[in-house]
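The numbers in the working numbering rise by one with no breaks, and the one at position 81 of the sequence shown is 85. Cβ coordinates follow ideal geometry from the N, Cα and C atoms, glycine included. These figures come from a predicted structure and were not determined experimentally. Shown next, in structure tokens, is the structure this report addresses.
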Amino acid sequence: FGLDAGNGPGVVLNITSDNGQLGKETAHFLAEAIGGKGNVIMFTHDPHPGVRARAEAAAAEFANYPEITVIEKKHIEVPGPVDFARNATQDLLTAYPNDGDIAGIWAGWDEPALGATQAIEAAGRSGIVVVGIDGTDFARAEIAKGGPFAASIAQDFDGMAKQLVEIIAAYLKGEKPASDSVQIPGVLVTGE
């Protein structure tokens, strides 16, 4: 059995976050926060399957808004995603220098969202909405400040663990899981 560990030989069942839902819901929040129009930048990390799934779902959600254009998709390096995203955002703010040139930044996890927020604040830019994923403590603190970092989505690790324990208990009684994978939705974190 795995908890956010992936499937493979010998794994009866893996329980994980619904990465598609995480990406879609944060993209929807961002799209609505910018009034359904404007230029959006996406910070991704394709080598990580969860982040890749989030980005694919976010891109599909943005496609539902004809007046939103994804103008850049930036691969964020790991380690050092906060610094990398901060530097990338500084470069993007230089390339798109006017207020309104960038309406939002979607990040596949909270560290790049933090780096983007730091760059936006350092540049004194306003009107750019930033969203991340994971609902980390530092993301919650930034969201509570009411600055550019407007939302994240928390993975429900307690819910995953609880459901996994229930599935293991049933398995030990001879019940086989219906699937080898269970996905648990996240919970949106905003300043409201």
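Query	Result
Find out if the Cβ-Cβ distance for the pair Ala59, Thr48 is shorter than 8 Å.	yes
For the region 122 to 168, which segments carrying the beta strand (DSSP E) assignment without a break, of at least 3 residues, lie completely within its bounds, in sequence order?	133 to 135, 153 to 158
Could you pull the DSSP bridge partners for Asn18 from this structure?	Gly6, Ser185
Per DSSP, which one or two residues make a beta bridge with His79?	Thr48
Thinking Ala107 and Asn43 are a contact (beta carbons under 8 Å), I'd like their distance in whole angstroms, please.	6 Å
Helix, strand or coil, according to DSSP, for Ala35 in the structure here?	helix
With a threshold of 7 Å, establish whether the CB of Gly27 neighbours any heavy atom of the ligand MG.	Inclusion of the ligand MG in the displayed structure is not the case, the ligand content being empty and no account of it being possible.
Could you tell me which of Tyr175, Lys41, Phe153 sits nearest to Ser183, measuring between CA atoms?	Tyr175
Ala123 and Gln94 look like a contact to me (Cβ under 8 Å); what is the Cβ gap, rounded to whole Å?	5 Å
In whole angstroms, what separates the C-alpha of Ile45 from that of Val55?	15 Å
Can Asp141 and Gly119 be called in contact, C-beta distance under 8 Å?	no
Applying the 10 Å Cβ sphere with the 16-neighbour rule, what's the burial state of Asn18?	buried
With 16 as the cutoff for other CB atoms within 10 Å, does Val169 come out buried or exposed?	exposed
Just the C-alpha distance for His52 and Asn11, rounded to the nearest angstrom, thanks.	14 Å
Would you call Asn23 buried or exposed, if buried means 16 or more other Cβ atoms sit within 10 Å of its Cβ?	buried
Taking the straight line between their C-alpha atoms, what separation do you get for Asp160 and Ala9?	15 Å
Tell me whether Asn43 sits in a helix, a strand or coil according to DSSP, three-state version.	strand
Does Val133 pass the burial test, meaning 16 or more other C-beta atoms within 10 Å, or should it be called exposed?	buried
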